[in-house]
Amino acid sequence: VYGIVCAGNSSGTTQLNSDNVITGCNIYNYNSASNTYGIYLLTGTGSNWLIQNNSFYNTSPIAATLWHAVYINNISSGDNSVQNNYIGGTLPNCGGSALSGTMRTLYGVYLRLNSTSVNNNISGNTIKNINVTKNSNNTTTNVYDGIIGFHSSKCSININNNVMGDTISNDNINITASS
Numbered sequence: 001v002y003g004i005v006c007a008g009n010s011s012g013t014t015q016l017n018s019d020n021v022i023t024g025c026n027i028y029n030y031n032s033a034s035n036t037y038g039i040y041l042l043t044g045t046g047s048n049w050l051i052q053n054n055s056f057y058n059t060s061p062i063a064a065t066l067w068h069a070v071y072i073n074n075i076s077s078g079d080n081s082v083q084n085n086y087i088g089g090t091l092p093n094c095g096g097s098a099l100s101g102t103m104r105t106l107y108g109v110y111l112r113l114n115s116t117s118v119n120n121n122i123s124g125n126t127i128k129n130i131n132v133t134k135n136s137n138n139t140t141t142n143v144y145d146g147i148i149g150f151h152s153s154k155c156s157i158n159i160n161n162n163v164m165g166d167t168i169s170n171d172n173i174n175i176t177a178s179s
């Protein structure tokens with residue numbers, strides 16, 4: 001299940017989707033028994049994406065195997081920014097009760113890029129108000145990965161000024177192992 005998905009054409013006549021902006025959206029209740037994505041950018045989608053000021057949440061418990069807020073699997077993309085987004089809760093801006101469910105892994109922001117990808121920024125995002133249970137059959141992976149950047153040695157991903165959890169209120173990130 002996808003909230004927003006974009007796929008360009010990286011073979012034959014190249015038709016890339018570049019210079020796109022996704023801002024000010026409430027992306028929620030994208031849920032299925034398999035993999036779910038709030039925003040999914042596939043290989044061939046182009047560069048210069050700006051994903052900012054969005055909220056990713058679910059109003060009911062998640063039953064997905066993998067739950068992603070932002071997933072960029074675009075090995076030839078660069079100059080992308082994921083900034084000032086909110087991930088968690090049951091209302092916009094990580095509000096309401098905790099985002100909950102049983103799953104294998106919850107990903108906040110996931111980038112997979114290669115050496116031609118430069119000037120990618122993940123900054124100012126807030127990930128909190130999450131209470132999930134790890135699937136009992138999950139023996140090899142983390143149940144929570146806030147921000148992941150996979151890249152080759154020459155790629156640049158700047159990750160700064162993100163907030164994960166909350167020490168002042170009860171909007172922490174809680175992970176429980178199922179039995």
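The sequence shown lines up with residues 1 to 179 when you count with our numbering. Cβ coordinates follow ideal geometry from the N, Cα and C atoms, glycine included.
Exercise. S34: buried (16+ other C-beta within 10 angstroms of its C-beta) or exposed?
Worked result: exposed
Exercise. If you draw a straight line from the C-alpha of G124 to the C-alpha of S32, how long is it?
Worked result: 29 Å
Exercise. Would the beta-carbon of N48 fall within 8 Å of that of D19?
Worked result: yes
Exercise. The beta strand (DSSP E) with L106 in it runs from where to where?
Worked result: 105-112
Exercise. How many Å lie between I157 and N17 at the Cα?
Worked result: 20 Å
For this session: Determine the contact status of S97 and T90, defining contact as a CB-CB distance below 8 Å.
Result: Cβ atoms of S97 and T90: closer than 8 Å.
For this session: Look at the alpha carbon of N73 and the alpha carbon of Y40, and state the distance between them as a whole number of angstroms.
Result: 8 Å
Exercise. Out of curiosity, what's the CA-to-CA distance linking I51 and N129?
Worked result: 21 Å
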